[in-house]
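Structure first, then comments.
Numbering (the working numbering), first residue to last: 226 to 466.
Spelled out as structure tokens, the structure:
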């Protein structure tokens, strides 16, 4: 078999150009196109622009162009295995509250399980389908921890028979309970959830997949996580959706 011949990268004909630009209005209002982590723009440094080894100067992963194709779907669930979520931080919840995955078997909204729990008919099942609920964590916003703290849902019954009692929205493998709350306010898990799923709502951050959902799985409270705990979190995430 002849060896595979791969043509060299031609920076003068780099694949992203005017023809690839998304339509007007596609880019979220809170998106900074100069954000080096996500943009398709190329650096101005000639040493980079002319260097195939440096992706011809492309600074980011071209999320801005990907959004021209799709911004995700709510049935796509991103597992965030990290330090937990700052449920009680109002600013974070403005971007994340309605993106957090809720286990329909453990927390059933007023309309029941019809249409996958989508009581308000907006095409996704999330905290908004529960209507007005008590603000049990005091952040001023309805969020999944309000369900976790509510005895109506946190009833001690493993409704879905998966071995995790009342896994309403994720799990805490650090303390072995059903509230993946970031108890030390470390914030890394919340930041990762924002990077992947923050809502396109004109304020704060916007995630790479703003129409997707995220599953919070707490596996530690710092950068260092126990390997077995992390592995258990992976299996839980795989089995949760």
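Quick reminder that beta carbons are idealized off the backbone N, C-alpha and C, glycines included.
Computed from a predicted model, the values in this text were never measured in an experiment.
Distance from the Cα of residue 335 is smallest, within the candidate group 378, 466, 455, for 378.
By DSSP's assignment, residue 283 forms a beta bridge with 267. Each of 406, 426, 380 was checked against the Cα of residue 446, and the nearest Cα belongs to 406. The beta carbon of residue 283 sits closer than 6 Å to the beta carbons of 267 from its chain, once the five residues preceding and following it are set aside; these are given in chain order. Going by beta carbons, residue 286 and residue 263 fall inside the 8 Å limit.
For residue 372, the uninterrupted alpha helix (DSSP H) run begins and ends at 369-373, by DSSP. Contact holds between the segment 367-383 and the segment 314-324, because three or more Cβ pairs, one in each stretch, are under 8 Å apart. Measuring C-alpha to C-alpha distances from residue 465 to each of 312, 444, 439 identifies 439 as the nearest. Non-local beta-carbon contacts of residue 362 in its own chain, meaning distances under 8 Å to residues more than five positions away in sequence, involve 312, 313, 368, 370, 371, 374 in chain order. Each of 241, 254, 247 was checked against the Cα of residue 429, and the nearest Cα belongs to 254.
Residue 292 and residue 394 have their C-alpha atoms roughly 27 Å apart. A direct Cα-to-Cα measurement between residue 234 and residue 277 gives close to 6 Å.
Cβ-Cβ distances below 8 Å link residue 348 to 299 in the same chain, with the five nearest sequence neighbours on each side left out; the list follows chain order.
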